[in-house]
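What follows is a short report on a single structure.
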Amino acid sequence: MDASLQASTQGSTVEEWTRALAESTGAPGGGAGTGVMLAVAASLTSMVAGYTDREDGCDEVGAIRARAQALRREALALADDDAAASQAFGAAFRLDPGPERDRTVHAASLDAAASSAVLGERAAGSIDDLAWLAAHGNPALVADVVVAFGALRAAIAGARANVSFDLASLRSAGRTLEEIREEHPDLWSTVTRLDDALARIDALAAEIDHRAAPTDAV
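Just so we're aligned: the sequence shown equals residues 97 to 314 in this note's numbering.
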């Protein structure tokens, strides 16, 4: 097996994993990169929470940090899951045309879409914690919050694109877009939910940009 296919977020250095990502194998690919971006966002959320004082016995900061640390671990595992789904997805399309290929493409497309949807939903679910830190976190780390928003946005945008693409790939198995929407309403609606999450991140980031970059030209 190609060494790039053996790379994982759990057992590879950053250099090894990104070298595997740079190969034309698709495993890891953009979906796995989405998971790593979510892990970066979660890591920065944890860091900022750790630098934020707890006031009046408030446990919110501690809870945010615990959730972020758990999300970091989950995001890396999901990145590896997506790499495996991506490998199966590519293999399905290399099969010879016929009923077996259609069935395999259908299953692989759904698995890939579901993997990306989980990543996107986890990312969207972490917006509240980062929004809290944007408003109440240590002001000295506001630039780190902005970077976290950027990584989180990249994760959500990546998940949205992959869910949409993977669902559309079902057309290769003989489905129309209307049939796909009716057969998989939850996955289909994920795209809209992630659009809403992107809009929210953009609004939150804009609200603190003047604090993070006060030297920007006006």
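Built from N, CA and C at the ideal position, the CB exists for glycine as well. This one's a predicted model, so the numbers in the text were calculated from it and none came from an experiment.
By the CB criterion at 8 Å, residue 157 and residue 212 fall outside the cutoff. When the alpha-carbon of residue 135 is set against those of 180, 219, 122 and 145, the nearest one is in 219.
A distance of 8 Å or more separates the beta carbons of residue 164 and residue 180.
Close CB contacts of residue 308 within its chain, under the 8 Å cut and outside five residues either way in sequence, are with 238, 239, 241 and 242 (chain order). With three or more CB-CB distances shorter than 8 Å, the region 191 to 201 counts as touching the region 261 to 270. Of the candidates 235, 253 and 206, the residue whose Cα lies closest to the Cα of residue 280 is 206.
Rounded to the nearest whole angstrom, the C-alpha separation of residue 310 and residue 246 is 18 Å.
With a beta-carbon spacing of about 11 Å, residue 148 and residue 225 fall beyond the 8 Å limit used to define contacts.
Under the three-state reduction of DSSP output, residue 161 falls in the helix class. When the Cα atoms are used, residue 118 and residue 230 turn out to be separated by approximately 34 Å. Cβ atoms of residue 253 and residue 183 stay farther apart than 8 Å, at about 23 Å. Secondary structure at residue 285: helix, using DSSP grouped into helix, strand and coil.
Closest in alpha carbon position to residue 173, among 131, 296 and 286, is 131. Residue range 110 to 118 is occupied by the alpha helix (DSSP H) that includes residue 114. Inside the region 252 to 286, DSSP marks no whole beta strand (DSSP E) run of 3 or more residues. A straight-line Cα-Cα distance of about 31 Å links residue 190 and residue 288.
The beta carbon of residue 303 lies closer than 8 Å to those of 230 in the same chain, with the five residues before and after it left out. Look at residue 197 here: in three-state DSSP terms it is helix.
Judged by DSSP in its simplified three-state form, residue 291 adopts helix. Inclusion of residue 105 and residue 176 in the CB contact set at 8 Å is warranted, their separation being smaller than that value.
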